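Written out below as structure tokens is the structure these notes cover.
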Amino acid sequence: MKFIQSMKNPQVKQWKKLLTKKEREKTGQYLIEGFHLVETALNYKEQIIELMVSEEAILPPHWNVDDLDMTMVTPEIAKTLSDTEAGQGVFAICRKQELADILGGRTYLLVDTVQDPGNMGTMIRTADAAGLDGVILGTGCADPYNPKVLRSAQGSHFHLPIIQMPLLRAIEQLREKKVPVFGTSLQGASDYREVSIMDSFALVVGNEGGGVDKALLDRTDRNVYIPIYGQSESLNVAVAAGILLYHFKQSLKNV
């Protein structure tokens, strides 16, 4: 096992660059941290490039890391790599998913310009829990490999295809495959409980400020809303997505 002590080591500088979107896009790699995420990644070893462990961290004895490149670092280096205030000193460099933008599944969540990393990660995690075939992120969304998104998604990046492509093109592909596409809107929409799902669906959600782009709503098969019974003007987008995804998924004939 290598041991790096200098903050000026070129390898440390390269790791730190992965905290930026530019470097993640350039290299096709991203950095995860914490025992839970790294343990999840160990189930998908082909996606792991390298492990980094603080000399103060103690790895669980059941972790099988013998066949992985691993570097021990000082607590100071671990702190500079961490995106949290109370880092655990365990990191991994992983490869991004290599996915075609051809949609072959039957259930998808489409996300339009949601920029909050916490909301983005929660929706990815919820789509994973609901058993969807993938999440499609349009232009203007938070980077799915942002550290905050990764923490919020709690490892779902390893279970669920996350596709980045223009949503108009995604909607056209889905409609060509006879997958009904539902938008979310407060105007000209139906109560979501009135919708009958047959054997597939795609749901489009947008940010709380502007909602789903009108150009997308004009291309959906039907638009739905969730009734508000109290004084709040709207639901958090991640909460709304969870309600709708589970309702639609449970409505499928072949759940």
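Residue numbering for the sequence shown follows our numbering, starting at 12 and increasing by one per position. Glycine residues also receive a C-beta, built at the ideal position from the N, C-alpha and C atoms. Model, not experiment: these values are computed from the prediction.
query                                                                                                : result
Where V266 falls, given that 16 or more other Cβ within 10 Å makes a residue buried                  : Because V266 carries a pLDDT of 48, less than 50, the predicted location of this residue cannot be relied on, and the following value inherits that uncertainty. V266 is exposed by the Cβ-count criterion.
Whole-angstrom C-beta distance between V248 and F193, which should lie under 8 Å                     : No, F193 and V248 are not in contact; Cβ-Cβ is about 15 Å, not under 8 Å.
Sequence ranges, alpha helix (DSSP H) only - wholly within the region 64 to 103, length at least 4   : 86 to 92
Under 8 Å between C-beta atoms of D123 and L178                                                      : yes
Sequence-distant residues of its chain with Cβ nearer than 8 Å to L263 (five each side left out)     : T118, I208, M209, D210, S211 and F212
C-alpha gap between L62 and C105, whole angstroms                                                    : 9 Å
Residues near G45 by beta carbon distance below 6 Å, same chain, minus five either side              : Q99
Assigned secondary structure, V266 (DSSP; H/G/I helix, E/B strand, else coil)                        : Its pLDDT being 48, under 50, V266 is placed unreliably by the model, and nothing is read from it.
Segment contact flag, the region 126 to 133 with the region 85 to 93, C-beta cutoff 8 Å, min 3 pairs : no
Straight-line Cα distance separating K19 from R180                                                   : 45 Å
Reduced DSSP category for K19 - H, G, I as helix; E, B as strand; rest coil                          : coil
Beta-bridge partners of K13, as assigned by DSSP                                                     : T82
Host alpha helix (DSSP H) of D139 (start-end)                                                        : P128 to A140
Where the alpha helix (DSSP H) containing T124 begins and where it ends                              : Unbroken run through T124: none, as it is neither H nor E.
L256 beta carbon less than 8 Å from that of L92                                                      : no
Residue burial classification, A97 (beta-carbon count within 10 angstroms, cutoff 16)                : exposed
Through-space distance from G145 to V190, alpha-carbon basis                                         : 13 Å
Supposed contact pair G217 and T231 - C-beta distance, whole angstroms, cut 8 Å                      : Going by Cβ atoms, the distance from T231 to G217 rounds to 12 Å, so no, they are not a contact pair.
Under 8 Å between C-beta atoms of I59 and L42                                                        : no
Proximal residues to A52 (C-beta, below 8 Å), its chain only, five neighbours per side dropped       : I43, Q58, I59, A103, C105, G166 and F169
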